[in-house]
Amino acid sequence: NVINNLVAQGVNAIAVAANDAEALESTLEAAKAAGIVVVSLDSDAKGSQLFINQAGVSEVAQVLVDSVYEMSEGAGEFAVLSASSTATNQNSWIAAMEQIIAADSKYADLVWVETVYGDDESQKSYALSESLMTNYANLEVICCPTTVGVLACAQAVQNAGSSIKVAGLGLPSEMNGYVGADLPCPYMFLWNPIEVGATAAYAIQCIIDGATTGTVGEE
8 NVINNLVAQG
18 VNAIAVAAND
28 AEALESTLEA
38 AKAAGIVVVS
48 LDSDAKGSQL
58 FINQAGVSEV
68 AQVLVDSVYE
78 MSEGAGEFAV
88 LSASSTATNQ
98 NSWIAAMEQI
108 IAADSKYADL
118 VWVETVYGDD
128 ESQKSYALSE
138 SLMTNYANLE
148 VICCPTTVGV
158 LACAQAVQNA
168 GSSIKVAGLG
178 LPSEMNGYVG
188 ADLPCPYMFL
198 WNPIEVGATA
208 AYAIQCIIDG
218 ATTGTVGEE
């Protein structure tokens, strides 16, 4: 509905971060048919002319795996609390994490017990974190590749007085009081969201100016 309203307003361009790779395809195609430039950022969607990737998939997966490894001291059970099960960015990171762990004997003593999806809803993510703590008595780490999830999980762990560590991707502005030594989340990672937005705006302008179409191989 939001995108259709933007099309009706006659905007020049739309940038979208999608929770589902396919659900917006027809809507975005309609926007392009109306002469509107469409790019995606953070999480890709079919119908976009160009995707602004916030960070390398393997690089994000590697720091997440290494966080779990270090926080668990190299062995033990861990779980993943993701966003939606259809988010392209989350799914690509999780798949890459699986590949990294399977390919290196260094991680042989890590036991991935479950992946759950909080749909980037704070209350649901909090409840799932509580369930993980209840269901897995030997859980060492909960890895959250989602800023909503990592905050909710850290809150749940802190309120429960649990020794479980929280790893993941978080916003400094939200994680104050939860990240640091002797806190639920010893440390976390994040790309620069300002630069992602600026790159998306730059890409939009390039397409509008005719400098690129977003076709593979162009610069």
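Quick note: the sequence shown uses this note's numbering, first residue 8, plus one each step. Glycine included, each C-beta is placed from N, C-alpha and C at the ideal position. Source: prediction; values computed, not measured.
At least three beta-carbon pairs within less than 8 angstroms, the stretch 202-212 to the stretch 97-115: no
beta-carbon Gly-175 near the ligand MN non-hydrogen atom, thresh 7 angstroms: Looking at this structure, you won't find the ligand MN or any other ligand, since it has none at all.
Beta-carbon gap between Asn-96 and Ser-50 smaller than 8 angstroms: yes
Burial state of Val-23 (16 or more Cβ within 10 Å): buried
From Cys-192, Thr-122, Cys-150, residue whose alpha carbon lies closest to that of Gln-165: Cys-192
Range of the contiguous beta strand (DSSP E) that encloses Glu-84: 83-89
Cβ-based burial, Gly-42 [other Cβ within 10 Å; buried from 16]: exposed
Cβ neighbours of Gly-83 in the same chain (closer than 6 angstroms, five flanking residues each side left out): Glu-147
Which residues DSSP lists as bridging Tyr-124, in chain order: Ser-89
Helix, strand or coil at Trp-119 [DSSP, three-state]: strand
Bridge-paired residues (DSSP) for Lys-53: BP columns for Lys-53 are empty, so no partner.
Where Leu-190 falls: helix, strand or coil (DSSP): coil
Sufficient close CB pairs (3 or more, under 8 angstroms) joining the stretch 69-85 to the stretch 166-184: yes
6 angstroms CB neighbourhood of Gly-177 in its chain, flanking five on each side removed: Thr-154, Val-157, Met-195
Local Cβ density within 10 Å of Pro-179, reported as buried at 16 or more and exposed below that: exposed
Where Tyr-124 falls, given that 16 or more other Cβ within 10 Å makes a residue buried: buried
Gly-184 (DSSP reduced to helix, strand or coil): coil
Cβ-based burial, Ala-210 [other Cβ within 10 Å; buried from 16]: buried
Where Gln-16 falls, given that 16 or more other Cβ within 10 Å makes a residue buried: exposed
Alpha-carbon spacing of Thr-122 relative to Ser-89, whole angstroms: 7 angstroms
Ile-214 to Val-44 span [Cα, whole Å]: 7 angstroms
Ala-62 versus Glu-226 - alpha carbon distance: 18 angstroms
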